[in-house]
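Here the structure comes first, spelled out in structure tokens, and everything after it is commentary.
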């Protein structure tokens, strides 16, 4: 009986070349569109209680793995709360 190679899974097929070609095609579009869109992004609207929740979660160690990063990197619409957020980054 002649050797018959195992069938290639769909994920292996995408990882082999098609996925790489798609990434190469999409990446330049993303690198152009994202910087153009940044000035139009709205800051988050957080309540004082939500800001306290982020701070408390960080201090007590009960926050999720990305909660502090999300809090410190996304501007808040309320200027006073945004000052608190920026103080947490320092």
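Residue numbers (our numbering): 3 to 92. Ideal Cβ positions, reconstructed from N, Cα and C, are used throughout, including at glycine. Everything numeric in this text was worked out from a predicted model, so none of it was measured.
Using the beta-carbon count (16 or more within 10 Å), is residue 5 buried or exposed?
exposed
According to the Cβ coordinates, are residue 73 and residue 58 closer than 8 Å?
no
So residue 24 and residue 45 are in contact, right, with Cβ under 8 Å, and what is the actual spacing, rounded?
Not a contact, Cβ separation roughly 33 Å.
What separation, rounded to the nearest whole angstrom, lies between the Cα atoms of residue 67 and residue 27?
32 Å
DSSP three-state assignment for residue 10, whether helix, strand or coil
coil
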